[in-house]
Amino acid sequence: MGLKENNLVLYNTLSRKKEEFVPINPGFVGIYVCGPTVYGDSHLGHAKSYISFDVIVRYFRHLGYKVRYVQNITDVGHLQSDADEGEDKIAEQARLERLEPMEVVENYTRSYFEDMDVLNVLRPDISPRASGHIPEQVEMIQTLMEKGYAYEADGNVYFEVEKFKDYGKLSGRSVDEMREGHRVEVKSDKRNAADFALWKKADPTHLMRWNSPWGKGYPGWHLECSCMSNKYLGETFDIHGGGMENKFPHHESEIAQSEAANGKPFVKYWMHNNMVNVDGVKMGKSLGNFKTLKAALESYPPLAIRFFILTSHYRATLDFSETALQAAEKGLQKIYTVVEKVFTSKALSEKTDDAFEKEIEAYEAAFQEAMDDDFNTPRAIAATFDFIKKTASWIEREPDKLSVPTLEKLTSVLKSLLDDVLGLLPESFEKEETSSDKMDGVMELLISLRAQLRAEKNFALADEIRNKLTELGITLKDTREGTTWE
RNA sequence: GGCGACGUACCCAAGUGGUUAAGGGAGAGGUCUGCAACAUCUUUAUCGUCGGUUCGAAUCCGACCGUCGCCUCCA
C-alpha cells in the first residue's frame, strides 16, 4: 500500500509559517497531543481540540501513512494556581468529592472517553498516564541533573532555565523578559523565578506521593509529556499538538527538558489549535459561560457538534452560539439527505457515467486540495456542499438509468471522505430506535388511512394525524411518489 | 506593560495580489403542495478606518480603532 499522491502543507508554530510535511520516517507519522487533566467533565474546548486532531490523524491515515497517535492522561502534577505553587488539581478534586485521587482520575477518564466516543473521535493508539510513568520521569530528572540542567533544593528539583539557551523559541519570549514580566515575586527556593519544577516535595498529608532519590513527592506537570512522548515515539518525532494556551509555559518547558536531556531536536512540527468563545467571550469557569459536553449533548446531536467544530479552521477561534450550532445542524442534515439517497439508490445500468465520474473526481481533488492546505476542513466542507447539490440532481435526473459502477464509485468516495476522514456519518441510515416491522406496519396503516382522508378532502383530520405524529417525533413527507415518514 | 492572533453580508465562515469575493444558516420572492414540511430555483457584501506600494489589493506595508488570546491553571 503506497501513499496517495499529496502535497500536504501544515502550519508549524515553531517557524510561524506553513511548511511542507516531510515525515522523519517515510510513510510513518508519530504524533503526540496533550490530553486532558482528568479532574472534571470535558467541555467544548476539549471537543474542539480533540476533534481537530482526530481529523488530522484520520487524514494522514487516509493518505496512507501509518500513524502512531499518543495522547496522555494527566492524573498527577498539574497544580492549581501560580507556577509550581498550590494544590494538585486531582488532589483538590479528590478532597472535594471525598474520594481517592485515583477514583477521581478513573471517573473523569471514563467520562472523557465516553464524550469523545459519541463525538466519533477515534481513540488514540496509546493513552499513557502520568502516574504510570513515575520511574521514567525520575530517570529523566536524574539525566537532567547529571547534565547540569537541574538542581535540587530541599526535596524539590527545578529545571534551570538559564542553562538552556533556546528557552523561549516556541513562544517567542526571552528569559530576561520573563524575569521582568513576572507579576508576583513568588517566595521559593528557585534560583530564578522562571525555573520550573521537575519534582515537588510532598509532605505526609499529600494523597499522591512516590519515592524518589530526593524524598517522597510527585513529578512536575511538564515532565510527563517529555517522558511519555520519548518512550512511545522516540527522542525526535514528527508532530506535537495541543491547545494554544499551552504554548507557554507547558510546551516551552517540554522542549527544554527533552532537548536538554537527549541533546536532540524534540519535535519537527508543532501544531496548536485555537480556543472556543461563547457569544464572543472566552469560555471560562469564572465567567459562568462554561459549556460541558454532557450539557451540550443534551441539546444537540453529537455529530452536529462535530460538524459545527469542523466548519471553522482549527487555528481560528470558534465562536459558539445557539444560532450557529442550529445552522450547522441544518446544514449537516442537508448532507445526510443526499447521502442517504445515494446509499439507498438502486442502479440498473452497467454503463459507466463518464460525465458524472469526472464530477466525482473533481470533488475528490477539491477535497484533498483543501485538506492538504493545513487541514482546511471548512473548505473541504464547502466543496462537499457543492458536490452534494450535483449529486442530488444526478440521481433525480434519471433515477431509472443510474450507472452501477458510477454509483459504486460515488458511494465509496462519500464513505471515504465524509466518514473515514471527517467522521461525520452516522452508523447507518436505517430508521433508528423505534423502527421495527410492527412499527412499519402501523405507520403504513396510518399513512393509507390519511391518504384516504385526503382523497375525501377531509384535511382537518388528515392534518391532525400529521400534527400528532409530529409531536411524537415522526415527520410525514408528502411527495409525488407518495408519503414517507421518518 | 510585554508578546501574538484576528476584524469579510443579518449570523457562521472560506479566500491572502488579477475574470462575476466560496459554502452553510436566516430573510425575501418563485416552483412543487389541499395546506405544511421536504425538495428546488432566484435573490441579499467591495472585504474595520485612513494612508501608502502596485498597471492592479479583501489579499503586501504603515498608522489608528475594535475584538480576542498568552504572559497565572485551562484544550
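Just so it is clear: in the first sequence, position 423 is 431 by this note's numbering, and no numbers are missing. C-beta atoms are modelled at their ideal positions from N, C-alpha and C, and glycine is treated no differently. The structure displayed is predicted, hence computed values, not measured ones.
According to DSSP, residue pairing for residue 73 in a beta bridge does not occur. Distances from the CA of residue 123 to each of 302, 357, 404, 417 were compared; the closest alpha carbon is that of 302. When only Cα atoms are considered, residue 331 and residue 425 end up about 27 Å apart. Non-local C-beta neighbours of residue 243 in its own chain, meaning closer than 6 Å and more than five positions away in sequence, comprise 270, 272, ordered along the chain. Take residue 21, set aside five residues on each side of it, and the residues of its chain with a beta-carbon closer than 6 Å to its own are 278, 280, in chain order.
By the Cβ criterion, the region 72 to 85 is in contact with the region 131 to 142, since at least three pairs of Cβ atoms, one from each stretch, lie closer than 8 Å.
Listed in chain order, the non-local C-beta contacts of residue 252 below 7 Å within the same chain comprise 280, 281, 282, 283, local neighbours out to five positions each way being set aside. Here residue 436 is exposed, its C-beta having fewer than 16 other C-beta atoms within 10 Å. Ranking 224, 174, 361 by CA distance to the CA of residue 143 puts 224 first. Using a C-beta cut-off of 8 Å, the region 51 to 64 makes contact with the region 298 to 314, since at least three inter-stretch Cβ pairs fall below that distance. Per DSSP, the unbroken beta strand (DSSP E) holding residue 160 starts and ends at 158 to 161.
Take the alpha-carbon of residue 354 and the one of residue 178: they are about 55 Å apart. Under the 8 Å Cβ criterion, the region 316 to 329 counts as touching the region 385 to 396, having at least three qualifying pairs. In this structure residue 345 is exposed. Its beta-carbon is surrounded by fewer than 16 other beta-carbon atoms within 10 angstroms. Going by C-alpha positions, residue 115 is about 52 Å away from residue 407. Straight-line spacing of the CA atoms in residue 46 and residue 117 works out to 6 Å. Distance check between residue 359 and each of 248, 310, 410, 61 places 410 closest, using alpha-carbon atoms only.
In the three-state DSSP reduction, residue 32 falls in the coil class, being neither helix nor strand.
Looking at the DSSP output, residue 246 sits in no beta bridge, so it has no partner there. Taken through DSSP and simplified to helix, strand or coil, residue 385 comes out as helix. Secondary structure note for residue 339: its alpha helix (DSSP H) is the uninterrupted segment 330 to 352. Exposure of residue 25 is indicated by the presence of fewer than 16 other C-beta atoms within 10 angstroms of its C-beta.
Closest by C-alpha distance to residue 12, out of 392, 483, 376, is 376. With fewer than 16 neighbouring CB atoms inside 10 Å of its own CB, residue 341 falls in the exposed class. Under the DSSP definition of a beta bridge, residue 290 partners with 285. Rounded to whole angstroms, the separation of the alpha carbons of residue 492 and residue 464 is 20 Å. In this structure, the CA atom of residue 131 is about 17 Å from the CA atom of residue 73. Restricting attention to alpha helix (DSSP H) runs no shorter than 4 residues, the region 203 to 270 encloses them at 229 to 241, 260 to 270, ordered along the chain. C-alpha of residue 150 to C-alpha of residue 429: approximately 43 Å in a straight line. Exposure of residue 373 is indicated by the presence of fewer than 16 other C-beta atoms within 10 angstroms of its C-beta. Between the region 158 to 168 and the region 195 to 212, the count of C-beta pairs closer than 8 Å reaches three or more; the two stretches touch. Residue nearest to residue 145 within the set 235, 307, 368 is 235 (criterion: CA-CA distance). In terms of Cα proximity to residue 48, the closest of 35, 308, 98 is 98. Inter-residue distance for residue 478 and residue 121 is about 34 Å (C-alpha atoms, whole angstroms). Cα atoms of residue 452 and residue 255: separation of roughly 59 Å, rounded to the nearest angstrom. Straight across, the Cα-Cα distance linking residue 27 with residue 199 is about 38 Å.
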